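S.K.:
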(Lines of atoms letter the chains of each structure in order from A and count residues from 1; the text may use other names and numbers.)
(Lines give C-alpha, C1' and ligand atoms only; values in the text may rest on other atoms or scores of the structure.)
Protein backbone atom coordinates (compact mmCIF):
# COMPACT_ATOMS: atom_id res chain seq x y z
CA UNK A 1 0.00 0.00 0.00
CA UNK A 2 1.07 3.57 -0.54
CA UNK A 3 -0.37 7.04 -0.81
CA UNK A 4 -0.19 8.59 -4.24
CA UNK A 5 2.27 11.47 -4.52
CA UNK A 6 3.99 10.64 -1.25
CA UNK A 7 7.73 10.56 -0.78
CA UNK A 8 8.78 7.74 1.53
CA UNK A 9 11.74 8.43 3.80
CA UNK A 10 12.69 5.67 6.23
CA UNK A 11 13.13 6.95 9.78
CA UNK A 12 16.74 5.82 10.03
CA UNK A 13 17.62 7.71 6.83
CA UNK A 14 15.89 10.83 8.15
CA UNK A 15 17.66 10.59 11.48
CA UNK A 16 21.07 9.85 9.95
CA UNK A 17 20.99 12.59 7.30
CA UNK A 18 18.36 15.10 8.47
CA UNK A 19 20.07 18.14 6.92
CA UNK A 20 19.76 16.52 3.49
CA UNK A 21 15.98 16.05 3.80
CA UNK A 22 15.09 19.19 5.76
CA UNK A 23 14.88 21.63 2.79
CA UNK A 24 12.47 19.42 0.82
CA UNK A 25 10.20 18.95 3.84
CA UNK A 26 10.12 22.55 5.06
CA UNK A 27 6.99 23.66 3.16
CA UNK A 28 5.05 20.40 3.25
CA UNK A 29 2.72 18.61 5.62
CA UNK A 30 4.56 15.53 6.80
CA UNK A 31 2.61 12.48 7.94
CA UNK A 32 4.50 9.89 9.93
CA UNK A 33 3.06 6.41 10.19
CA UNK A 34 3.57 4.24 13.23
CA UNK A 35 4.90 0.84 12.28
CA UNK A 36 3.99 -0.45 15.73
CA UNK A 37 7.35 -2.11 16.28
CA UNK A 38 9.44 0.82 17.57
CA UNK A 39 9.11 4.38 18.80
CA UNK A 40 10.88 5.66 15.68
CA UNK A 41 7.72 7.36 14.42
CA UNK A 42 7.38 9.42 17.60
CA UNK A 43 11.02 10.44 17.41
CA UNK A 44 10.64 11.40 13.75
CA UNK A 45 7.70 13.70 14.53
CA UNK A 46 9.63 15.28 17.41
CA UNK A 47 12.65 15.82 15.15
CA UNK A 48 10.49 17.38 12.42
CA UNK A 49 8.47 19.58 14.76
CA UNK A 50 11.63 20.81 16.50
CA UNK A 51 12.83 21.95 13.08
CA UNK A 52 9.55 23.81 12.47
CA UNK A 53 8.21 21.27 9.98
CA UNK A 54 4.46 20.66 10.10
CA UNK A 55 4.13 16.98 10.92
CA UNK A 56 1.59 14.60 12.38
CA UNK A 57 1.67 11.07 13.71
CA UNK A 58 -0.79 8.36 12.62
CA UNK A 59 -1.21 5.64 15.21
CA UNK A 60 -1.94 2.31 13.54
CA UNK A 61 -0.12 3.04 10.29
CA UNK A 62 -1.70 2.29 6.92
CA UNK A 63 -4.35 0.08 8.53
CA UNK A 64 -5.71 3.03 10.51
CA UNK A 65 -5.35 5.31 7.48
CA UNK A 66 -7.42 3.02 5.25
CA UNK A 67 -10.05 2.34 7.94
CA UNK A 68 -10.68 6.09 8.11
CA UNK A 69 -11.42 6.06 4.39
CA UNK A 70 -8.39 8.12 3.40
CA UNK A 71 -7.12 7.47 -0.13
CA UNK A 72 -4.35 4.98 -0.84
CA UNK A 73 -3.18 2.74 -3.65
CA UNK A 74 -3.12 -1.02 -3.22
CA UNK A 75 -0.21 -2.12 -5.38
CA UNK A 76 -0.18 -5.76 -4.30
CA UNK A 77 -0.09 -8.31 -7.07
CA UNK A 78 -3.50 -9.86 -7.56
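Numbering (this note's numbering), first residue to last: 880 to 957. A virtual CB, placed ideally from N, CA and C, is assigned to each residue, including glycine. Model, not experiment: these values are computed from the prediction.
Please go through the same chain and pick out, in chain order, the residues whose beta-carbon is closer than 7 angstroms to the beta-carbon of residue 923, but skip the five residues on each side of it.
M.R.: Taking the first residue of the chain shown as 1, we reach residue 923 at position 44. Same-chain partners within the cutoff: 890, 893 and 911.
S.K.: Mind checking who residue 934 pairs with in its DSSP beta bridge?
M.R.: Here residue 934 is taken as the residue at index 55 of the chain shown, counted from 1. In the DSSP output, where bridge partners are listed per residue, residue 934 has 909.
S.K.: Please say whether residue 934 and residue 927 have beta carbons closer to each other than 8 angstroms?
M.R.: Within the chain shown, the letter at position 48 stands for residue 927. Within the chain shown, the letter at position 55 stands for residue 934. Yes, they are a contact pair.
S.K.: Specify, as a first and last residue, the run of the alpha helix (DSSP H) that residue 924 falls within.
M.R.: Residue numbering aside, residue 924 sits at position 45 when the chain shown is read from its first letter. It spans 919-929 - the alpha helix (DSSP H) in which residue 924 sits, taken as one unbroken run.
S.K.: Which same chain residues end up closer than 6 angstroms to residue 882 when comparing Cβ atoms and leaving out the 5 residues on each side of it in sequence?
M.R.: Start at 1 with the first residue of the chain shown, and residue 882 comes out as number 3. Around residue 882: 951.
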